[in-house]
């Protein structure tokens with residue numbers, strides 16, 4: 029797989045940011061620039077997204093591509109949604125490259141199962157079915173679900189659509205494979221085995237990753253720090269930017 033596209037902001041201790049399903053580095057830009065006053069922030073386009081070339085999109089191959097693209101040094105890895113799953117895969121593959129981990133609206137087992145909070149499989153299957161018919165409409169529908177219930181949902185949706193339109197649409201195969209990861213991956217054992225510091229930031233109004241997963245994750249990893257922003261949805265770094273920045277700075281340090 030070819031090297032992935034990256035954007036770097038600021039200087040200092042490295043913080044790698046991995047976007048979610050169907051997006052690209054543009055989703056981070058304003059947030060990354062604010063973080064860059066404290067850290068060297070590296071935003072990465074996942075395979076087949078934004079300006080990165082396509083290729084195999086499995087947990088293993090994405091982790092390999094990310095590690096091959098980025099400098100060989102310990103970093104704080106921040107993953108949002110699907111990006112959190114990939115950050116966990118990196119930590120499993122090469123834990124010495126992960127100084128700390130921030131799971132932003134992430135879930136090590138994305139789908140709901142007995143005794144584990146998550147998104148019902150039927151909801152993910154609907155995304156997959158719609159993707160076959162209309163890729164762009166499905167992505168916009170997904171964006172809407174991320175801001176659903178927020179007081180300024182219309183404005184937030186416009187902003188997300190604008191960012192999505194800054195680059196080509198993701199590869200169809202990458203989108204299907206990303207959904208497959210969310211359907212099938214179970215990284216609870218990886219979370220349980222981590223020795224690095226881990227922070228989970230969740231939205232109390234998130235319709236994709238229920239806030240109840242925070243306590244479930246802490247049962248697996250007692251050292252896990254959980255922060256819930258009560259009135260935030262799935263895109264807390266846009267709707268509650270300052271609060272998320274403060275949580276990262278308190279966790280990561282200056």
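Residue numbers (the working numbering): 29 to 282. We put the CB at the ideal spot given by N, CA and C, even for glycine.
Straight-line Cα distance separating residue j from residue i
i	j	result
residue 261	residue 124	32 Å
residue 120	residue 95	12 Å
residue 130	residue 32	21 Å
residue 156	residue 236	15 Å
residue 257	residue 207	26 Å
residue 163	residue 154	13 Å
residue 111	residue 70	14 Å
residue 248	residue 194	39 Å
residue 280	residue 274	10 Å
residue 44	residue 105	5 Å
residue 219	residue 128	12 Å
Candidates the options: closest to residue i by CA position
i	options	result
residue 92	122, 221, 60	122
residue 146	238, 182, 67, 280	238
residue 202	187, 183, 159	159
residue 213	56, 46, 103, 138	138
Assigned secondary structure, residue i (DSSP; H/G/I helix, E/B strand, else coil)
i	result
residue 221	helix
residue 48	coil
residue 264	helix
residue 213	coil
residue 36	strand
residue 42	strand
The alpha helix (DSSP H) enclosing residue i, as first and last residue numbers
i	result
residue 107	Counting along the chain, residue 107 falls outside any alpha helix (DSSP H), though it belongs to the beta strand (DSSP E) covering 103 to 108.
residue 272	269 to 280
residue 191	181 to 192
Exposed unless 16 or more other CB atoms sit within 10 angstroms - verdict on residue i
i	result
residue 150	exposed
residue 54	buried
residue 177	exposed
residue 231	buried
residue 228	buried
residue 196	exposed
residue 165	exposed
Residue-chain proximity (residue i, chain C), Cβ-Cβ < 8 Å
i	result
residue 42	Annotation note: the requested chain C is absent from the structure, which comprises a single protein chain.
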